[in-house]
Every structure is written in structure tokens, then in C-alpha cells.
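*Asks:* Numbering (this note's numbering), first residue to last: 1048 to 1318.
Every residue, glycine too, gets a C-beta built ideally from N, C-alpha and C.
Bear in mind the structure is a predicted one, so any value in this text is a computation, not a measurement.
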Ligand SMILES: Cc1cc2nc3c(=O)[nH]c(=O)nc-3n(C[C@H](O)[C@H](O)[C@H](O)COP(=O)(O)OP(=O)(O)OC[C@H]3O[C@@H](n4cnc5c(N)ncnc54)[C@H](O)[C@@H]3O)c2cc1C
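1) Checking 9 angstroms against the spacing of the C-beta atoms, do residue 1186 and residue 1066 come in under that value?
2) Determine the burial state of residue 1090: buried for a count of at least 16 other Cβ atoms within 10 Å of its Cβ, exposed for fewer.
3) Just how far apart, CA to CA, sit residue 1115 and residue 1173?
4) Using only alpha-carbon positions, find the residue among 1210, 1311, 1113, 1271 that is nearest to residue 1182.
5) Using 10 angstroms around the beta-carbon of residue 1288, count the other beta-carbons present and answer buried if the total reaches 16, otherwise exposed.
6) Alpha carbons only, please: which of 1276, 1270, 1221 is nearest the one belonging to residue 1250?
7) Using 9 angstroms as the threshold, is the C-beta distance between residue 1095 and residue 1124 below it?
8) Where does residue 1310 fall in DSSP's three states?
9) Could you have a look at residue 1218 and say whether DSSP puts it in helix, strand or coil?
10) So who's on the other strand from residue 1156, going by DSSP bridges?
11) Would you kindly report the start and end of the unbroken alpha helix (DSSP H) that includes residue 1191?
12) Please go through the same chain and pick out, in chain order, the residues whose beta-carbon is closer than 7 angstroms to the beta-carbon of residue 1284, but skip the five residues on each side of it.
13) Alpha carbon to alpha carbon, how far is residue 1071 from residue 1200? Give it in angstroms, no decimals.
14) Any heavy atom of ligand 1 closer than 8 angstroms to the CB of residue 1072?
15) With a cut-off of 8 angstroms on the beta carbons, I'd call residue 1310 and residue 1229 a contact; round off their distance for me.
16) Can you name the residues that DSSP bridges to residue 1117?
17) Indicate whether residue 1097 and residue 1120 have their beta-carbon atoms separated by less than 9 angstroms.
18) Let me check you understand the geometry: is the CB of residue 1293 closer than 8 angstroms to at least one non-hydrogen atom of ligand 1?
19) Please report the straight-line C-alpha distance between residue 1215 and residue 1280, rounded to a whole angstrom.
20) By the three-class DSSP mapping on this structure, what secondary structure does residue 1098 have?
21) Between residue 1114 and ligand 1, is there a pair consisting of the residue's CB and a ligand heavy atom that are separated by less than 8 angstroms?
22) From residue 1134 to residue 1171, what distance separates their C-alpha atoms?
23) For residue 1016, which of helix, strand or coil comes out of DSSP?
24) Smallest Cα separation from residue 1198: which of 1221, 1166, 1188?
25) Are there 16 or more other CB atoms within 10 angstroms of the CB of residue 1300, so buried, or fewer, so exposed?
26) Quick one: Cα of residue 1131 to Cα of residue 1221, how far?
27) Under three-state DSSP, which class holds residue 1139?
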């Protein structure tokens, strides 16, 4: 099918983009890898597409003191190639290998993925595991939103109408911190059946699962457990995965436990 007709604007300044987006029925267009298929399938019909790919304020990846700031327009391919990400946010460097396929990685952006909040996407879980902060802008100004406050439900976020994600800030990994990423998918590059982004430091653990609920979720009970077996048991309190077309809730929980075991062992191994 073809997309319904829409007007198109490509602003050069963030303020101009925000003014256009403050109109009802306007939608931001970044890499278009999710939005365009959804228009073609007539799942949404915005009157105006605001192409944000010309906004310099949303570009670039750089280390700023103790955080790596990734502009919302950074593509999956740029993240994959980034030295700052490889060195200071190794969890994300591992995760991006699992995001879609090369053609999609060349256009899809981190801002688009976080704004979409697909429950089976990799980045929201990485943002939770690493306690990232999203920088968001609207006509009223800028605000910062912790990842733990950002993902509200199935394709739902804390973004207010007309707001844009400008950047996401990941704390640079310290020497005594460990991270591990694991994902099960039918084919490499497909959305996950179940996935896990994990973090450990000084007795603190964070296990962020994706593909196991209506959004990426932190498994708080498992993170408190004293050993792996207790953590695997505790996971039933954290996750009640919905069935998908091919997997029952019990299968998904079993797979989540398999991933928990794999990452637990990696977190315990010195780099
Ligand atoms: C075949 C296929 C396989 C895929 N596999 C995976 C996968 O395994 N894992 C995965 O995570 N993703 C996957 N994707 C999705 C891909 O990663 C998209 O690139 C991503 O979800 C959306 O990014 P985008 O830049 O293309 O956003 P767009 O499609 O342009 O926009 C998506 C939504 O986000 C909004 N938006 C975009 N940028 C911003 C911003 N800065 N601020 C606020 N709102 C914004 C748009 O208005 C729209 O609602 C796949 C896509 C396809 C087509």
C-alpha cells in the first residue's frame, strides 16, 4: 500500500522544527525506517511530516566529561563505528550489532528507536541498564528525563506532544563496572524474542529485559538475589511475558532465565 498524502517540511533549526511539531497532526521524520512502513500500512496518517535530519543540534557522538552524549540523529551505523561508544559504552557497542540489518542501520537513528519504544528493541533496555538520561526539547524549553521514567508502556513514552529527543547521555563506563548483552532472535538482525542488557558494579546489578513485557523492564527482584539460582527463581516476580505468535509466556520466561545465566556468568568474569 501507499502512504496517505501528507505535507513535508525540512527545517534547518531546532526552534523551527519544534514550532512546526507543535501543530496537531504533525510528526517528526528521522530515519523513516519505522515511520514510513507504518504510513504505508496506513497505521497512522499525519498531515505534516517534519523531516528533522537537517538539524545539527541533534547530530554527533562525543565524550563530555563522564558521559557519552549521543545525538538523537546518530544512526545505528554511526554508533557501530564510534570509538567513543566502543571504549566508554561497550554495552551499546555490543547491542547495536543486533539492531536490524545493514541497510536499516544506515538510516535508522537512536532517537527514532527510543521515541518509538518498541518493546523488543535493544536501545531502551541499554538505556535502562546504564541509567541513561534523555535530553528532550519542546517549545517550552528543554528537560532531562531518566530512562527509568521515559518508557511508559507499549510504544508509549514520557514525550509530550510536539517534543523531540535531542540526545541521550550514557555514563562512561568505569574500570570496576561490567556489562553484558545477550539476545535470542529467529535470525540475526530480527527483533528479539527475548533480550537482556546487564550491568554490574560494586554489588549493584541491573538486568534490563526486552521482548518480555509491553516495554523494556528492569528485573528488580532478580537484581537483588544473592546467587544465580535465586535470581532465576526471582525472575518470575519481575516478568510475566505475554505470548507472541510463536512463544508461550512459559517459553519466554524460560528463555529469559537462559539469558540471565549467560550474562550473570559474564558479569562475574574480569575483563
Ligand atoms: C526490517 C526491520 C527490522 C528492524 N529490526 C530492528 C531491531 O532488530 N531492533 C530495533 O531496535 N529496531 C529495529 N528496526 C527499527 C529501526 O531500528 C528503526 O530505525 C527505529 O526503530 C526508528 O528509527 P528511525 O530513525 O528510522 O525513526 P522513524 O521511523 O523516522 O521514526 C519513528 C518514530 O519516532 C519518532 N521520532 C523519530 N526521531 C525522533 C526524535 N528525535 N524525537 C522524538 N520523536 C522522534 C517519529 O515521529 C516516529 O513516531 C527494524 C526496522 C525494520 C524496517
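*Replies:* With the given structure in hand:
1) Yes, the Cβ-Cβ distance between residue 1186 and residue 1066 is below 9 angstroms.
2) Exposed.
3) So the two alpha carbons sit approximately 13 angstroms from each other.
4) Sorting 1210, 1311, 1113, 1271 by C-alpha distance to the C-alpha of residue 1182 places 1210 at the top.
5) Buried: at least 16 other Cβ atoms inside 10 Å.
6) Looking at the Cα atoms, 1270 is the closest of the given residues.
7) Their beta carbons are not under 9 angstroms apart, which means residue 1095 does not touch residue 1124 by this criterion.
8) Reduced to three states, the DSSP call for residue 1310 is helix.
9) Residue 1218 falls in the strand class under three-state DSSP.
10) Beta-bridge pairing links residue 1156 to 1122.
11) It is not in any alpha helix (DSSP H) - residue 1191 instead sits in the beta strand (DSSP E) that spans 1188-1193.
12) The beta carbon of residue 1284 sits closer than 7 angstroms to those of 1268, all from its chain and outside the five residues before and after it, given in chain order.
13) Straight-line Cα distance between these residues: approximately 22 angstroms.
14) Short note on residue 1072: C-beta not closer than 8 angstroms to any heavy atom of ligand 1.
15) A Cβ-Cβ distance of about 5 angstroms is found for the pair residue 1310 and residue 1229, placing them in contact under the 8 angstroms criterion.
16) DSSP lists 1108, 1215 as the beta-bridge partner residues of residue 1117.
17) No, Cβ-Cβ distance for residue 1097 and residue 1120 is not below 9 angstroms.
18) The beta carbon of residue 1293 sits no closer than 8 angstroms to any heavy atom of ligand 1.
19) Cα to Cα, the separation comes out at about 33 angstroms.
20) It is a strand residue.
21) Result no, Cβ not under 8 angstroms from ligand 1.
22) For residue 1134 and residue 1171, the gap between their C-alpha atoms comes out near 20 angstroms.
23) The requested residue 1016 does not occur in the structure, where the chain is confined to residues 1048 to 1318.
24) The shortest CA-to-CA distance from residue 1198 to any of 1221, 1166, 1188 is the one to 1166.
25) Label assigned to residue 1300: buried.
26) Rounded to the nearest angstrom, the two C-alpha atoms are 13 angstroms apart.
27) Residue state, collapsed to three classes: helix.
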